Amino acid sequence: MPGKRTLDYAAYAVFIALILCAPLVLEEFWLNRIAKFLVYGLLGVAIALSWGYAGILNLGQGLFFGLGAYMMAMSLKLASPTSLQQGSATPVPDFMLWNAEPGAKTDLCCINHGSFLWTPFQNPWFGIGMAVLAPVLVATVIGWVMFRKRISGVFVSIIMLALVLLVRLVVIDAQPLTNGFNGLTDLGNLTVLGVELDPYEVVTYYVVAGTLALALIATRLLVETRAGLILQAIRDDQNRVRYLGFDVPLYQVFFFAVSAGIAGVAGLLYVVVAQFASPTFMDLSFSITMVVWAAVGGRASLLGACIGAIGINIIEAGASETQALVQAWRAVIGLIFVLVVLYLPRGVAGFASDAADAVLSRFGRKRPPAARPASERVAS
Amino acid sequence: MDTTTRLTTRRTALLGAAGALAAPYFFHRAARAADAIKVGVLFSQTGGLSIVEKSLNDVTLMAISEINAKGGVLGRPVQAVVEDGASDPKTFNEKASKLVIQDKVPSVFACYTSASRKAVLPVFERRQSLLLYPTYYEGFECSKNVAYTGAVPNQQLSNFIPWITKTLGKKKFFIVGSNYIYPREMAKVSKILIEKNGGQWVADEYLELGDSEWGSMVNKIKNSGADVVLSNVVGDSVVAFYREFKNQGLTQDKLPICATVTSEIEIAAMGPEYAAGSFTSFPYFMAIDTDANKAFVERYRAFVKNPKAVTHHALESSYFQVHLWAQAVAKAGEAAPLPIRNALAGQEFAAPGGMVKIEPQNLHTWLTPRIAQWQPDGQGKIIDAYQAPVMPLPYVAYGETDGAPFCTGKGLDTARLKG
Amino acid sequence: MAEVVFIGLSLASVLLLVALGLAITYGAMGVINMAHGEMVMLGAYTTVLTRIYLHLDILAAIPLAFIATALIGYAIERVVVRRLYGRLLDTLLATWGVAILIQQAVRLELGASFFGLHIAGLGPGLQNVAVPPELTGALTLGSVQVNAFRAFIIGVTLLLTLVTWLLMYRTSIGIQVRAIMRNPRMAAACGIDVDRVNALTFAYGSGLAGVAGVMVSGFKTVFPDMGTPMVVDAFLVVVVGGVGSLLGSVFSAGLLGQLNGVTAFLANDIIARAVVFAFVIAVIMTRPRGLFSQKAR
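Rendered as C-alpha cells:
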C-alpha cells in the first residue's frame, strides 16, 4: 500500500513542520505552554510504543516521567542561586538545611544521611544522563523479571501501578533528600554548551520541539525494523512468535526500556520548561490520564498518540480558561474520554486512517480492508 | 505620589465624574470595563483540594465585590480573572504563568498548599510579579514576590505549647501529623518549645497525606502513655482521626487533642460531638465575638447563598489580603507589582478577627494567636488569646527572634540561618 | 496483641467490603470499573442525603444506597460498559471518564451550582454523616476494647460476603453468571440471556459498592474524590486473591489487612503502606494469576 504509507509519512512531515514553525506565530506564554504540551506529546509517543506496538499497557508511566524529572531537577536545584549561597564550598539545596542532622556540617557530603548521593549531580550532564539512564535501568530490571515470567496484559498494568504508588510514597517520605511533598522547586536554568535554556525563550522551545521530532522519526523507523515487526507479532500472538524461535522477552524488555527512556526524557524536558519537579508526577491519576491521551489520539499510532496528548491539553486549557466553564471543564474532558472510547476505539488516528482509506479507494486504488489486530477486535 | 500618576488619577476621576453625570448606564459600564484593574484568582475548583479552596476563591471574589461597591481602587473597578488550579501543581504552574505573562495581572491571589505555592513561585520570581498567599504554612521562605497573610509556626505554637504545659498541665506529648513538610516543621518547632517548657514528647508519627485509615495510629496513641496529642493532621484525614479517636474509647478530657490545623470545616464535617472538648490554635475562629466578625460571617453566607457556610482562618486571610492589597494599590498610586509590594509593607487593616499588619521586613503578617476549645455546637470558644498581634517569624525553628529577623528587605541572611 | 489483630481484621473488612463489588464486576465480568470508587462515593452521599431529606440514620441508608447505586450501575452498564465486553483495557479508560463525570456531577450539585443554587448535602465540601450512639465509642470484649463501628463493619462484611456467595453458588442466576464467566458464547448458546444477566451482575456489584460507601461514610470523610484511593486498594485485593475467585478475595483482603496492621504496629503507617505495595508486586510477579486462581474465560 504505497499510497497509504506516503500519506502517513506526509502526516509526520506536516506535523513536524508545524511544531517547528509555531514560534513564528506564538508569543512567549503560548510558546512555553505549547512546549509543555509537546512534552506531553512525547509521553504519548512513549505510551503508543509500549501499548500500541508492544501490547504492554503501562499504568505506571508516571514513574519513568517522574524519575527523569527528579534526576534533572536535582542538577538544576544545585545550579540555583540559593543553593550556592549557603556558605559551603559545594552548593547545598536550601531544604536540606531544615532537614539537617543536628550539628552536621553544611556540605553536600554529609549534611544528612544520603545527601552525598546528590554530589555527582553538580555536573548537569550527569543529571541529563541519569534522567534517561535511570528510567531505562529500572524498566530493564522490572521488564526482565516480568516478561521472563510471561506476565502480560492487565497484570503488567497492575504491577506498574503498584510500583509507581510505592515509589511515590518513598519519595514523599524521604523528605531530607527529596523535599517530600513540595517537590524540588527554585531551580536554576539548564545551561548546555554555553546556551542557557530560559523556559520562555525560543531556543528552549526548539530544544523540546526538536527532541519530539527526533523521537517521532526514530521510533517510527524503529518499529519498521525487523525487531519492530517481531514486536508487533508478539503483541498479536506471543506464543506463535515464541514457537518460531524468537526470544520474546528480549524484544519486550527492549521496547519497554525504550518507552521508559522516552518518558524519562519527557520528564527531563518538563523540568526545563516548568521549573519544578513534584511527587504528583507519580500520582495514579496522571499515569491514567496520559494513557487516555494516547487512547484518544490513537494508541496504535505514534503520531496519533502524540497529537492526542497535545490536542487534549489544548482543549483542556481552552475549556478551563473559559470563565463559564471554570468549574465544569473536567466534565467536558470526562465526556470526551467516554465518547472516544465508545465511538472511536482506534482514536482520532484510526478515524483519520479510515478516512484516508476511503479517499484512496475513491481514487481507484484497490486494497483489501485493513485487518485489525486481535486486541482490538470486539468480542460478540 | 509623583506628578504623572497624580495627573492620571485626576483624569480618571474626571472621566468617571463626567460619565456619571452625562452618560447613559451602558456607556458608564463600557468605560468601567475598559478601565478595570485585572487581578488573578487561582484556587482549585476541581479535585480533592477544592473542598477548602473553593471557599477561598469565593471569599476573594466577595472582597473584590466589596471594593468595587465602594468605587474600586484609584477610581477603577477591580476585575477578577478566575482560574482553576485543579488540585495539581502542574496546573497551578501553568495557570500562574497564564495570569502573569499573558493576562499581565499585577497581582495574583492564589494557592492553599505549600506544594502549589512552590510550583508557582518561579513564575512570580522570574517575572517580578506579586503573589498574595493566604494560608498558614511552615515558614522557611523569604521571597521578594510573595506576601504571606496566613500564620507561620511561631504564631500558632509559641502560645500553644506553654499553655498546654502550664494551663492544661499536660507534659507528655504524642505528636502526629500528615506526612509532608508543614506537619514535620511544626513538629520540629513544637519539640523545641516542649523541651523549653519542661515537657517531653513520646512519639512523632506520620500518616500519608489524605489517608483516612487511623486504626493502627490511634491504637498506638492509646498505648503510648502520652497525656496529650499534638495534631498536625491536615485535610480530610482529620475527620477520620477524631472519629477513630472517640470510637477507640479515648476521651478529650483525659487525653485532649491539641491541633494546629483542625478548623471549622473539619469540625462541621466530622460532627461536632467528636471534637467537643479538643483544642485548636489559630489566629482566627468563626466564633470571635465581635460585631465586625459577625457581620463578616453574615456577608459571606449571603454571598455564597449558603446559610450554613463556615468561615475559618485561611478564609479570613483570603478576605483581608484583598483589602490590604487594595490599600496598597491606592498608596502606590498605580497597579504594578513592585510598587504594590513596596506599598504593602506596613499596611494595616481591621480584619474580621482584629487588626492585622504586613511586616515590612519579611512581608509576612502580624496576627493574634488564639486558642479555642471546640464546643458541641461546632464552634470554637476562645479561651486564650494574645492581647495584641504577634510578629511573624518564618525562621523561628532556627532561632529567629523579634529583634533579629533572618528575612529582611535585603533578602535572607543565610549566615544567621546556620546559627 | 489482640488489639492489633482486631485492627488488622477491621482493615481487612474495609478492604473486602469495597473489593467485593469489584470481585464481581472485574472478577466475573472482566470489566475494570474505575468508577467503582465513585459508586462507593455515591453510596456515602446517599447516607448524607437520607439524613438531610428523610431524617433517617445510617442503617436505613443501607438498602437505599444499594438500590440507588445498583440503578446507576445498571445505567452505566447499559450505556457504556456493554459496548466494551472483551475489551478489558477499554473498559478501564471509559469508566475512568465516567468516574470524572460522576465526581463533577456531585461537585457541581447536579448542575445547580451554575444557577447559583445550592443543594444541601452535595457540592465540593466535606459532608457530615451522623452515626447512631450505639455504634460510637468502644465495646469491651473480654480483655480488649474494640471500636464498636468497626465491629459493625466486620459483621456487615461477613453478611454481604455470605449473601454474595449464596447468590453465586446456590441460585440459578449465580449458575448463569458463572457460566458466562467461563464462556459467554457457550452460555448464550445454552439459552442464557447474557445481556440481561450481565446488566444485573454489574448492578449488583455496584450496589455492593454503594453499601460499602454507607459503611465507610461512618468513619471516613465524605467528599467527591473519596472513591479514587479506595478503588486502587480494592483492585490490589482482587488481583492478589485471583481474578474470579470470591474466596481468593476474602483471603487476600485478610492477608493485606493483617500485613498492614502488624507492620503499622511494629514500624509505622507509611512503611506499612509501602510493605503492602511491595507484597502485592511480589505476589503478582511470582503468581501472576493470584493466590487463588481458576481458569476463566
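Protein chains in written order, with my numbering: chain P, 6 to 385; chain A, -15 to 403; chain E, 38 to 334.
Glycine is no exception: its CB is placed at the ideal position from the N, C-alpha and C atoms.
What you are looking at is a predicted structure, and each value in this text was computed from that prediction instead of being measured.
Exercise. Which two residues bound the contiguous beta strand (DSSP E) that contains residue 115 of chain P?
Worked result: Neither: residue 115 of chain P is in no beta strand (DSSP E) and is coded neither H nor E.
Exercise. Which of the three DSSP states, helix, strand or coil, is assigned to residue 124 of chain A?
Worked result: coil
For this session: Just confirm the distance between the C-beta atoms of residue 58 of chain A and residue 313 of chain A, as a whole number of angstroms; I'd bet it's less than 8 Å.
Result: 6 Å
Problem set entry | Alpha-carbon spacing of residue 139 of chain P relative to residue 83 of chain P, whole angstroms | 19 Å
Exercise. Are the C-beta atoms of residue 232 of chain E and some chain P residue less than 7 Å apart?
Worked result: no
For this session: Could you name the residues of the stretch 213 to 236 of chain A whose beta carbon sits closer than 7 Å to any beta carbon of chain E, in the order they occur along the chain?
Result: 220, 223, 224, 227, 228, 230, 231, 232 and 233
Problem set entry | Short CB-CB distance (under 7 Å) between residue 255 of chain E and chain P | no
Exercise. Chain P partners of residue 378 of chain A, CB-CB under 9 Å?
Worked result: Near residue 378 of chain A there are no residues of chain P at all, since even the closest Cβ is about 11 Å away, more than 9 Å.
Problem set entry | Where the alpha helix (DSSP H) through residue 239 of chain E begins and ends | 231 to 254
Exercise. At a Cβ cut of 8 Å, what residues of the stretch 312 to 332 of chain P count as close to chain A, listed as they run along the chain?
Worked result: 322, 325, 326, 328, 331 and 332
Exercise. Would you say the stretch 264 to 282 of chain P touches the stretch 299 to 314 of chain P, given that touching needs at least three Cβ pairs under 8 Å?
Worked result: no
For this session: May I ask you to list, following chain order, the residues of the stretch 214 to 242 of chain P that have a beta carbon less than 7 Å from some beta carbon of chain A?
Result: none
For this session: Anything in the stretch 302 to 320 of chain E with a Cβ closer than 8 Å to a Cβ of chain A? List those residues in chain order, please.
Result: 302, 305, 306, 307, 309 and 310
Problem set entry | Cβ separation of residue 284 of chain P and residue 188 of chain P, assumed to be a contact under 8 Å, to the nearest whole Å | 6 Å
Exercise. Can you find a CB in chain E that lies within less than 7 Å of the CB of residue 342 of chain P?
Worked result: yes
Exercise. Of all the options A:290, A:296 and A:278, which has the alpha carbon lying nearest to the alpha carbon of residue 269 of chain A?
Worked result: A:296
Exercise. In three-state DSSP terms, what is residue 42 of chain E?
Worked result: helix
For this session: Name, going along the chain, the residues of the stretch 158 to 169 of chain A whose beta-carbon falls closer than 8 Å to a beta-carbon of chain P.
Result: 163, 164, 165, 168 and 169
Problem set entry | Within-7 Å CB hit, residue 190 of chain E to chain A | no
Exercise. How many angstroms separate the CA atom of residue 204 of chain A from the CA atom of residue 187 of chain E?
Worked result: 17 Å
Exercise. If you count every other CB in all the chains shown that lies within 10 Å of the CB of residue 348 of chain P, and 16 or more means buried, which is it?
Worked result: exposed
For this session: Give the DSSP-derived three-state secondary structure of residue 66 of chain E in the structure shown.
Result: coil
For this session: Buried or exposed for residue 210 of chain P, please, with buried defined as at least 16 other CB atoms from any protein chain shown within 10 angstroms of its CB.
Result: buried
Exercise. Who pairs with residue 88 of chain E in a beta bridge, going by DSSP?
Worked result: Answer by DSSP bridge pairing: none, since residue 88 of chain E is not bridged.
Exercise. Residue 357 of chain A by DSSP, collapsed to three states: which one?
Worked result: strand
Exercise. Skipping 5 residues on each side, what residues in its chain have a beta carbon closer than 7 Å to that of residue 221 of chain A?
Worked result: 162, 191, 194, 195 and 196
Exercise. Just to confirm, are residue 94 of chain P and residue 308 of chain P a CB contact at a threshold of 7 Å?
Worked result: no
Exercise. According to the Cβ coordinates, are residue 208 of chain P and residue 65 of chain P closer than 7 Å?
Worked result: no
Problem set entry | Residue from E:91, E:299 and E:303 whose Cα sits closest to the Cα of residue 157 of chain E | E:91
Exercise. Quick one, are the C-beta atoms of residue 311 of chain E and residue 122 of chain P less than 7 Å apart?
Worked result: no
Problem set entry | Residue of P:150, P:205, P:54 and P:221 minimising C-alpha distance to residue 22 of chain P | P:221
Problem set entry | chain A residues whose Cβ lies nearer than 9 Å to that of residue 48 of chain E | 197, 199 and 200
Problem set entry | When P:176, P:337 and P:81 are compared against residue 318 of chain P, the one with the closest alpha-carbon | P:337
For this session: Establish whether the CB of residue 66 of chain P and some CB of chain A are separated by less than 7 Å.
Result: no
Exercise. Should residue 55 of chain E be flagged as near chain P, meaning a C-beta pair shorter than 7 Å?
Worked result: no
Problem set entry | is_contact[residue 253 of chain A, chain E] using C-beta, thresh 7 Å | yes
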